[in-house]
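So the sequence shown is numbered by our numbering: it starts at 1 and just counts up by one.
Reading through the structure tokens given below for one structure.
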Amino acid sequence: MTAHEPSKQVQITDAAFARVAKVLKNETDNNALRVSVEGGGCSGFSYQFDLTSERNDDDIVYEKDGTTILIDELSLVYMGGSVIDFVDDLVGQSFQIKNPNAVASCGCGTSFSV
């Protein structure tokens, strides 16, 4: 992980890394998960989760046990201090981002505003 101020970093849980590893295990063309923030969604911004094999110059790289998660610097501005988790409960399985910067979010959990 590239050094940044602690408040600007993103924490990724063991459950999230384990799920990414499981998904990537069956991939032949992709070797990382990219998490990004894009304009749009019902609350103004939305999280995007994409499998990729490309690293950009501005990517912050999070690695654990050979599993790679990438977040670009611009997305990190909106996600600093967040926790990315993978939850498997009665409602279903999903990646969840607990973002302290979000002042509002929608019911789908993938859209937020700052």
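All residues carry an ideal CB built from backbone N, CA and C; glycine is no exception.
None of these values were measured; they are calculated from a predicted model.
Taking the alpha carbon of residue i as the reference point, which residue from the options has its own alpha carbon closest?
i: serine 46; options: Ser75, Thr13, Gly80, Ile12; result: Ser75
i: glycine 81; options: Lys98, Gly44, Asp88; result: Lys98
i: aspartate 65; options: Arg19, Asp85, Phe49; result: Arg19
Alpha carbon to alpha carbon, how far is residue i from residue j?
i: leucine 15; j: threonine 67; result: First, the amino acid is wrong: residue 15 is alanine here, not leucine. For alanine 15 and threonine 67, the distance between alpha carbons rounds to 12 Å.
i: valine 35; j: proline 100; result: 17 Å
i: tyrosine 126; j: serine 94; result: Because the chain here runs from 1 to 114, residue 126 falls outside it and cannot be looked at.
i: phenylalanine 17; j: leucine 24; result: 10 Å
i: valine 87; j: glutamine 96; result: 7 Å
i: glutamine 11; j: tyrosine 62; result: 9 Å
i: aspartate 29; j: alanine 102; result: 33 Å
i: aspartate 50; j: leucine 90; result: 25 Å
i: leucine 21; j: glycine 92; result: The sequence shown places alanine at residue 21, not leucine. Going from the Cα of alanine 21 to the Cα of glycine 92 covers about 19 Å.
i: glutamate 38; j: arginine 55; result: 18 Å
i: glycine 44; j: threonine 13; result: 26 Å
i: lysine 8; j: glutamine 48; result: 19 Å
Please tell me whether residue i and residue j are closer than 7 Å, where the distance is taken between their beta carbons.
i: asparagine 26; j: serine 53; result: no
i: aspartate 59; j: aspartate 72; result: yes
i: isoleucine 69; j: leucine 33; result: yes
At what residues does the alpha helix (DSSP H) containing residue i begin and finish?
i: leucine 90; result: That residue, leucine 90, is in no alpha helix (DSSP H); it is neither H nor E in DSSP.
i: aspartate 14; result: 14-25
i: glycine 75; result: Rather than glycine, the amino acid found at residue 75 in this sequence is serine. Taken as a continuous stretch (DSSP letters only), the alpha helix (DSSP H) holding serine 75 covers 73-79.
At what residues does the beta strand (DSSP E) containing residue i begin and finish?
i: isoleucine 38; result: This sequence places glutamate at residue 38; isoleucine is not what is there. First-last of the beta strand (DSSP E) with glutamate 38: 32-39.
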